[in-house]
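Heads up, the thing below is written out as structure tokens.
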Amino acid sequence: MGKRYRRLHGNSAYYPFAARTGLRARQRRQARWLRLAGGAALAVAAVLLLRQTVFRGGQPAPPAVSPLPAATATGESGRVTVQPLAATRDALARTLQADAAAHATPETAATPAPQTAAQVLPAYRALYEENPDLIGWLRIEGTRIDLPVVQTPGDNEYYLRRGFDRLYATGGTLFLDEACSIDPLSPTANWLVYGHNMADGSMFGTLTRYRDEAFYRQHPTFTFDTLFESGTWQVVAALDTTLGADELPYYTFFDADTKVEWQKRVDAMQELALYDTGVVPEYGDQLLTLSTCGDTLPATEARFALLAVRAEE
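Position one of the sequence shown corresponds to residue 1 (this note's numbering), numbered consecutively onward.
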């Protein structure tokens, strides 16, 4: 165009005819690319929204199982072999890395050793055959939580942004920390299950209802079945905290070397309790912790957790 016309834009009458024609052609091409990019972005957003709402974020329909009667916790709900395990970081803290990995690696993560069909409860055999990462199913009355729980040793955050079908999903899938064991012969003392606090109420988006003591009084128990046995769980404590704020953070509690250490861990969680449930676990009781991001600012640092103990059937 030459130095004379370099700073002129649009339909200026000072442009020579050829310059105006070339400029308009470039503008039309840019507009077409912008429309294509915008349309593609809208299409992706629509697909993700449809998957999250209509197709449950890649989650399967709940299997038909008989409801368990309500129960109260006792001190004989199953003994454990206590072994020390190294503490790890809260798995939800690596969500951004998981987003990138979910898009880049559609292949399945390392899968735990398969269980025989005879070991798996009949209600979950079909789902286990569909995805052998399945380790249990969580149901909480009064919430939208009626979902599978998976585990992927060797790739702990694999399901942070993947549905049960292993395809990308903004809500991910509930997953058990890789440091935990549900093996009936050698379970870890505390089972730590993570889930996203989704704004649409999916996944653990309704778990924070337990902040309200009145809600707890109406729903003091819930069910979490492993592949091997059904279980009713009594809520012990609902708590709020932030990453790095506690000397003994709940998200590093999987096992304990001694009874004294176990008690310190449980006491540390109960000291953060939002209200008193009156439920006191005893050493040897099987514990379960449900963990999600808090809905206070900053959400990336806030955590809400629900501690429960397995009740005697």
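Ideal Cβ positions, reconstructed from N, Cα and C, are used throughout, including at glycine. What you are looking at is a predicted structure, and each value in this text was computed from that prediction instead of being measured.
Would a C-beta distance cut-off of 8 Å place residue 161 and residue 223 closer than the cut-off? By 1-based counting over the sequence shown, the position of residue 161 is 161. By 1-based counting over the sequence shown, the position of residue 223 is 223. No, the Cβ-Cβ distance between residue 161 and residue 223 is not below 8 Å.
Counting only C-beta atoms, is residue 135 closer than 8 Å to chain B at any point? The question asks about chain B, but that chain is absent: this structure has only one protein chain.
Assign residue 234 to one of three DSSP states: helix, strand, or coil. Translated into the one-based positions of the sequence shown, residue 234 becomes position 234. Correct three-state label for residue 234: strand.
With distances taken Cα to Cα, identify the nearest neighbour of residue 276 among 181, 22 and 238. In the sequence shown, the residue the question calls residue 276 occupies position 276. Ranking the options by Cα distance to residue 276, first place goes to 238.
Measuring alpha carbon to alpha carbon, tell me which of 260, 172, 209 and 22 ends up nearest residue 141. Working through the sequence shown from its first residue, we reach residue 141 at position 141. Taking only the C-alpha atoms, the option nearest residue 141 is 209.
Rounded to whole angstroms, what is the Cα-Cα separation between residue 190 and residue 307? For this step, residue 190 is matched to residue 190 along the sequence shown. For this step, residue 307 is matched to residue 307 along the sequence shown. When only Cα atoms are considered, residue 190 and residue 307 end up about 9 Å apart.
CA-CA distance, residue 255 and residue 183? Residue numbering aside, residue 255 sits at position 255 when the sequence shown is read from its first letter. Residue numbering aside, residue 183 sits at position 183 when the sequence shown is read from its first letter. A direct Cα-to-Cα measurement between residue 255 and residue 183 gives close to 14 Å.
Just list the residues that DSSP pairs residue 137 with in beta bridges. Taking the sequence shown and counting its residues from 1, the one referred to as residue 137 is at position 137. Beta-bridge annotation (DSSP): residue 137 is paired with 148 and 225.
Host beta strand (DSSP E) of residue 303 (start-end): For this step, residue 303 is matched to residue 303 along the sequence shown. Residues 302-310.
In chain order, what residues of the same chain have a beta carbon less than 7 Å from the beta carbon of residue 321, not counting five sequence neighbours either side? Here the chain covers residues 1 to 313 and nothing more, so residue 321 does not appear.
If the criterion is Cβ atoms closer than 8 Å, does the pair residue 289 and residue 305 meet it? The residue labelled residue 289 in the question sits at position 289 within the sequence shown. The residue labelled residue 305 in the question sits at position 305 within the sequence shown. With respect to the 8 Å criterion, residue 289 and residue 305 are classified as neighbours on the basis of their beta carbons.
Out of 283, 61 and 214, state which residue places its alpha-carbon closest to the alpha-carbon of residue 266. The residue you call residue 266 lines up with position 266 of the sequence shown. Ranking 283, 61 and 214 by Cα distance to residue 266 puts 283 first.
May I have the straight-line CA-CA distance separating residue 199 from residue 24, to the nearest angstrom? Taking the first residue of the sequence shown as 1, we reach residue 199 at position 199. Taking the first residue of the sequence shown as 1, we reach residue 24 at position 24. Residue 199 and residue 24 have their C-alpha atoms roughly 45 Å apart.
If I measure Cβ to Cβ from residue 197 and keep anything under 8 Å in the same chain, skipping five residues before and after, which residues do I get? Position 197 of the sequence shown, counting from 1, holds the residue named residue 197. Residues of the same chain with a CB within less than 8 Å of the CB of residue 197, apart from the 5 flanking positions on each side, are 203, 204, 205, 207, 208, 292, 293, 294, 295, 299 and 304 in chain order.
Closest residue to residue 253 among 280, 180, 186 and 159 (Cα-Cα distance): As a position in the sequence shown, residue 253 is number 253, starting the count at 1. Nearest to residue 253 by alpha-carbon distance, out of 280, 180, 186 and 159, is 180.
Can you tell me whether DSSP reads residue 164 as helix, strand or coil? Counting from 1 along the sequence shown, the entry for residue 164 is found at position 164. Note: residue 164 maps to coil in three-state DSSP.
Hey, residue 187 and residue 286 are a contact pair by Cβ (cut 8 Å); roughly how many whole angstroms apart? For the purposes of this step, residue 187 is taken as the residue at position 187 of the sequence shown. For the purposes of this step, residue 286 is taken as the residue at position 286 of the sequence shown. Contact between residue 187 and residue 286 holds, since their C-beta atoms are separated by about 6 Å, short of 8 Å.
Taking only three categories from DSSP, how would you classify residue 179? As a working note, residue 179 is residue 179 in the sequence shown. In this structure, residue 179 counts as coil in the three-state DSSP scheme.
Do residue 251 and residue 269 count as a contact pair if the criterion is CB distance below 8 Å? Working through the sequence shown from its first residue, we reach residue 269 at position 269. Working through the sequence shown from its first residue, we reach residue 251 at position 251. Contact flag unset, no.
Separation of residue 39 from residue 278, as counted between CA atoms: If you number the sequence shown from 1, residue 278 lands on position 278. If you number the sequence shown from 1, residue 39 lands on position 39. As the crow flies, the alpha-carbon of residue 278 is around 56 Å from that of residue 39.
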